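*Asks:*
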Amino acid sequence: MKWGLRTAHPLSRLTEVPTCTEGIGLGLGRLQIKHSETGNSMYTSLPQGGSPFPGSVQDPGLHVWRVEKLKPVPVARENQGVFFSGDSYLVLHNGPEELSHLHLWIGQQSSRDEQGACAVLAVHLNTLLGERPVQHREVQGNESDLFMSYFPRGLKYQEGGVESAFHKTSPGATAAPIKKLYQVKGKKNIRATERALSWDSFNTGDCFILDLGPNIFTWCGGKSNILERNKARDLALAIRDSERQGKAQVEIVTDGEEPAEMIQVLGPKPALKEGNPEEDLTADRTNAQAAALYKVSDATGQMNLTKVADSSPFALELLLSDDCFVLDNGLCGKIYIWKGGKMHALSLESLKKNCSSILGKSDAK
1 MKWGLRTAHP LSRLTEVPTC TEGIGLGLGR LQIKHSETGN SMYTSLPQGG
51 SPFPGSVQDP GLHVWRVEKL KPVPVARENQ GVFFSGDSYL VLHNGPEELS
101 HLHLWIGQQS SRDEQGACAV LAVHLNTLLG ERPVQHREVQ GNESDLFMSY
151 FPRGLKYQEG GVESAFHKTS PGATAAPIKK LYQVKGKKNI RATERALSWD
201 SFNTGDCFIL DLGPNIFTWC GGKSNILERN KARDLALAIR DSERQGKAQV
251 EIVTDGEEPA EMIQVLGPKP ALKEGNPEED LTADRTNAQA AALYKVSDAT
301 GQMNLTKVAD SSPFALELLL SDDCFVLDNG LCGKIYIWKG GKMHALSLES
351 LKKNCSSILG KSDAK
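UniProt numbering applies: residue 1 is where the sequence shown begins, and numbers increase by one.
1) Under three-state DSSP, which class holds ASN189?
2) With a cut-off of 8 Å on the beta carbons, I'd call LEU155 and ARG191 a contact; round off their distance for me.
3) In terms of DSSP beta bridges, what is ASP206 paired with?
4) Thinking just about the alpha-carbon of each residue, which of ASP206, ASN215 and TYR150 is nearest to the one in LYS180?
5) Whole angstroms is fine: what's the gap from SER100's alpha carbon to ASP113's?
6) Are GLU261 and LEU212 close, meaning C-beta to C-beta below 8 Å?
7) My assumption, with CB atoms under 8 Å, is that LEU125 sits in contact with LEU102. Please give the rounded CB distance.
8) Assuming ASN304 is part of the beta strand (DSSP E), what are its boundary residues?
9) Any idea if GLY246 is buried or exposed, counting beta-carbon neighbours within 10 angstroms, 16 or more meaning buried?
10) Any chance the region 132-142 sits against the region 57-77, with 3 or more Cβ pairs inside 8 Å?
11) Consult DSSP for ASP328 and reduce its assignment to one of helix, strand or coil.
12) HIS124 bridges to which residues according to DSSP?
13) Tell me the residue span of the beta strand (DSSP E) that contains LEU237.
14) Identify which residue in TYR336, LEU128 and PRO54 has its Cα closest to the Cα of VAL296.
15) Below 6 Å CB to CB, which residues in the same chain sit around residue 367 once its five sequence neighbours on both sides are set aside?
16) Taking LYS69 and PRO52 to be in contact with their CB atoms under 8 Å, please state how far apart those CB atoms are, rounded to whole angstroms.
17) With three or more beta-carbon pairs closer than 8 Å as the criterion, would you say the region 197-205 touches the region 262-273?
18) Out of THR204, GLY130 and ILE178, state which residue places its alpha-carbon closest to the alpha-carbon of VAL184.
19) On the CB-based measure, 16 or more other CB atoms within 10 Å of its CB, does ALA238 come out buried or exposed?
20) On the DSSP bridge list, what partners appear for GLY61?
21) Are TYR294 and LYS307 closer than 8 Å when you measure CB to CB?
22) Are there 16 or more other CB atoms within 10 angstroms of the CB of ASN94, so buried, or fewer, so exposed?
23) Flag this pair as yes or no: are the beta carbons of ASN189 and ASP145 separated by less than 8 Å?
24) Can you confirm whether GLU194, when its beta carbon is compared against all beta carbons of chain D, has any partner nearer than 8 Å?
25) Label residue 397 either buried or exposed according to how many other C-beta atoms from any shown protein chain fall within 10 Å of its C-beta, with 16 as the threshold for buried.
26) By the 10 Å Cβ neighbour count, where 16 or more other Cβ atoms means buried, how is VAL123 classified, buried or exposed?
27) One question on the structure: do ASP328 and GLY340 come within less than 8 Å of each other, judged by their Cβ atoms?
28) Considering ILE178, what are the terminal residues of the beta strand (DSSP E) in which it resides?
29) Express the C-alpha separation of ARG244 and VAL250 in angstroms, rounding to a whole number.
30) Straight-line CA distance for ASN79 to GLU143?
What follows is the structure, encoded as structure tokens:
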């Protein structure tokens with residue numbers, strides 16, 4: 001098993017040292033922690049009186065909930081893979097041999113309250129499942145390969161949140177015309193992110209989906225790769241099948257051959273920005289090489305860090321329960337502290353101060 005910069009395994013073992021936020025794990029919000037006299041952490045539980053989750057959480061397969069007004073609301077199967085940037089989600093996958101993974105997906109614009117509620121609900125669900133699931137935190141646009149594997153057609157990010165999403169049209173009301181633009185990026189893991197409805201959002205290295213309701217156009221930049229083109233087509237077909245019940249026309253558009261419908265919505269086409277299909281791979285390599293894993297030692301009476309790995313993803317076997325480790329998360333400027341269950345007591349504030357000083361980072365987690 002591999003673990004990278006996005007994985008907490010498990011949350012109760014990964015301690016976040018707050019700077020200007022409160023929380024646990026990798027920045028999970030306002031989940032309060034109470035420390036007993038023995039040093040163990042006890043999570044604030046949900047109110048008694050029944051679980052907010054159905055008994056079907058034990059069933060094999062994929063389960064997705066969106067946090068709405070601090071409660072978990074199931075996401076319909078046809079909408080799984082669509083994530084709103086203003087929301088937080090719980091994604092549970094029950095695999096074979098009782099192997100389960102619980103992911104907390106955090107939207108870029110989700111509120112602190114939603115993130116905190118998501119963390120509390122994750123603890124409750126983990127307890128409900130006998131603490132069997134391995135827990136992960138997923139950040140929009142930087143999801144793990146495991147998380148992406150649940151959605152073979154890729155992810156689709158939409159603007160807004162609970163207040164604007166999936167509203168039902170009242171009887172007799174006229175539905176607003178659909179006009180949305182998505183940018184499709186990635187080679188291995190495909191993501192579609194909603195963009196401003198303008199030619200300024202386009203570039204020649206990516207694929208874009210222009211959703212106009214009855215007509216869905218998949219526009220392919222001249223420098224886009226074949227995998228992006230195929231995935232963009234698959235995503236357009238998924239929109240047609242799940243959101244239009246199959247009643248929409250999907251059209252593949254080549255750069256320079258835009259139909260009149262696109263020009264009518266976007267206006268005259270200007271010269272587009274250049275795009276580089278290799279930039280995603282370059283960014284992945286840069287981020288991986290910028291990260292490092294250190295082992296903490298205070299045997300001499302002074303805290304020292306010894307580098308044990310200098311490129312992610314890191315093998316889980318490197319983390320020993322008798323020791324303490326520090327993950328320098330590279331370009332994002334954050335460090336994370338992991339304490340093994342058998343590790344003798346160390347002052348968290350001392351760890352934070354010394355690790356930040358040694359690594360030259362100000363944001364220790």
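Here a beta-carbon is modelled for each residue, glycine too, at the ideal position from N, C-alpha and C.
A quick note: this is a predicted structure, and the numbers were derived from the prediction, not measured.
*Replies:* In terms of the structure at hand:
1) If DSSP states are grouped into helix, strand and coil, ASN189 belongs with coil.
2) Yes, LEU155 and ARG191 are in contact; Cβ-Cβ is about 5 Å, under 8 Å.
3) Answer is none; ASP206 lacks a bridge partner.
4) The shortest C-alpha to C-alpha distance from LYS180 to any of ASP206, ASN215 and TYR150 is the one to ASN215.
5) Straight-line spacing of the CA atoms in SER100 and ASP113 works out to 26 Å.
6) Yes, the pair counts as a contact, with Cβ atoms nearer than the cut-off.
7) Indeed, because the Cβ distance is near 6 Å, the residues count as touching under 8 Å.
8) First-last of the beta strand (DSSP E) with ASN304: 304-309.
9) Looking at its Cβ environment, which holds fewer than 16 other Cβ atoms inside 10 Å, GLY246 is exposed.
10) Contact fails: fewer than three Cβ-Cβ distances are below 8 Å.
11) The answer is strand: DSSP assigns ASP328 an E or B state.
12) Looking at the DSSP output, HIS124 bridges to nothing.
13) Element bounds for LEU237: not the beta strand (DSSP E) but the alpha helix (DSSP H), 226-243.
14) Closest option to VAL296, Cα to Cα, is TYR336.
15) There is no way to answer for residue 367, as the model of the chain reaches only from 1 to 365.
16) About 11 Å; that fails the 8 Å criterion.
17) The way I'd put it, the region 197-205 does touch the region 262-273; three or more beta-carbon pairs between them come closer than 8 Å.
18) Checked all of THR204, GLY130 and ILE178; the closest Cα to VAL184 is THR204.
19) Burial of ALA238 is indicated by the presence of at least 16 other C-beta atoms within 10 angstroms of its C-beta.
20) DSSP lists ASN94 as the bridge partner or partners of GLY61.
21) Cβ atoms of TYR294 and LYS307: closer than 8 Å.
22) Under this definition ASN94 is a buried residue.
23) For ASN189 and ASP145, yes; Cβs fall inside 8 Å.
24) Annotation note: the requested chain D is absent from the structure, which comprises a single protein chain.
25) Outside the displayed span of the chain (1 to 365) sits residue 397, for which this structure offers no information.
26) Under this definition VAL123 is a buried residue.
27) No, the pair does not count as a contact, with Cβ atoms beyond the cut-off.
28) Careful: ILE178 lies outside any beta strand (DSSP E) and carries neither H nor E.
29) Their Cα atoms are separated by approximately 11 Å.
30) A direct Cα-Cα distance of roughly 18 Å separates ASN79 from GLU143.
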